[in-house]
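These notes concern the structure reproduced below.
Residue numbers (the working numbering): 1 to 361.
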């Protein structure tokens, strides 16, 4: 499925293939749309109508809706809420434009990478579990004959993998090879905000208050073109930013001369794709001798920076947008210095040596 611009006419057109009842594929071409938005709407209608015409191979999101309705009558409300959230944030954005029978094993493996770029290994495994349950339901409904999510297996990675991050000194070394001002501003924002990649790409200029040096994180992107509220209520947050980073954002805004609802890290009303951001980061990183980290590890770098500068765990938790302080502690407790020796030294001073001797006589 694709949308193209007719340069001669200045209009947009849709070119896509749909599956027919007899198993054949038919190309559908529609022209004359004044805007890309109109063409995208027409494309959705074509796919939707094709799903109706071929009920044995429905649109993936339709299967998800069916499964949620089935699940709702048989499970607790808390479990239903979690299922809906994972489908809305991760499963539907990735698979939603496909027919259920068109999803291949390679798509499942790509989905694993998609999750690991955004989530912890534990959460990623849980999301895979929901996907596998949807395919089990699809077998019962005779949409598919095989649970390809189970065939591929759950995500294989050690939960004890060492957390990678850059120190301030390493980050400064990295900045030396970044020759694009927008990219440099983006990395400064990640390092000093602890924001998730989806939160960064969803940031618009109206979310940035230059008077108070505050960033309002209130939305996030999934799969580049799906904007939604963040993971939890606590993920919606306002955080203070250092002056040097705000000055860079201000300079970037002056260069772009944008409207307030334009994306700060994007082009007009479109954010830069995650693949583009990731590719440019890899190019810069590979030109250094620094230890390899992922884009998501800028978030860990921010947490490490705060902890090593003595900031309370409540501050770290608030800036990262964690729902519970325990989440922050479980993830970053190993970065906090061991205070036990300090505590013992304090206890030893409770009694002078001479008084301590009297205690054992």
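The beta-carbon is built from N, C-alpha and C at its ideal position, and this holds for glycine as well.
- Taking the Cβ atoms as the reference, residue 201 lies roughly 17 angstroms from residue 239, outside the contact range of under 8 angstroms.
- Less than 8 angstroms separates the beta-carbon of residue 43 from that of residue 16.
- Annotation: residue 269 is outside any alpha helix (DSSP H) and is labelled neither H nor E by DSSP.
- Looking at 243, 127, 282, 286, the one whose alpha-carbon comes closest to that of residue 87 is 127.
- Relative to the Cα of residue 99, the nearest Cα in the group 270, 62, 105, 352 belongs to 62.
- The DSSP assignment places complete alpha helix (DSSP H) segments of no fewer than 4 residues inside the segment 150 to 214 at 168 to 175, 181 to 193, 197 to 201, in order along the chain.
- By the 16-neighbour rule on beta-carbons within 10 angstroms, residue 146 is exposed.
- Annotation: the continuous beta strand (DSSP E) that includes residue 5 extends over 2 to 6.
- Residue environment for residue 139: exposed (fewer than 16 other C-beta atoms within 10 angstroms of its C-beta).
- The DSSP assignment places complete alpha helix (DSSP H) segments of no fewer than 4 residues inside the segment 254 to 315 at 274 to 286, 297 to 308, in order along the chain.
- Taking residue 233 as the centre and dropping the five residues before and after it, the same chain places the C-beta of 323 closer than 8 angstroms to its C-beta, in chain order.
- Note on geometry: alpha-carbon atoms of residue 307 and residue 333 lie some 9 angstroms from one another.
- A direct Cα-Cα distance of roughly 37 angstroms separates residue 299 from residue 137.
- Taking C-alpha positions only, residue 183 is separated from residue 297 by approximately 16 angstroms.
- When rounded, the separation of the alpha-carbon atoms in residue 243 and residue 84 is 40 angstroms.
- Per DSSP, reduced to three states, the secondary structure at residue 122 is helical.
- Within the DSSP secondary-structure output, residue 237 pairs in a beta bridge with 217.
- For the set 293, 3, 259, 277, the Cα lying nearest the Cα of residue 30 is the one of 3.
- Contact between residue 249 and residue 208 holds, since their C-beta atoms are separated by about 6 angstroms, short of 8 angstroms.
- Cβ neighbours of residue 194 within its own chain (closer than 6 angstroms, five residues either side excluded): 299, 302, 319, 320.
- Residue 112 counts as buried, since no fewer than 16 other beta carbons sit within 10 angstroms of its beta carbon.
- Looking from the CA of residue 268, the closest CA among 168, 292, 274, 259 belongs to 259.
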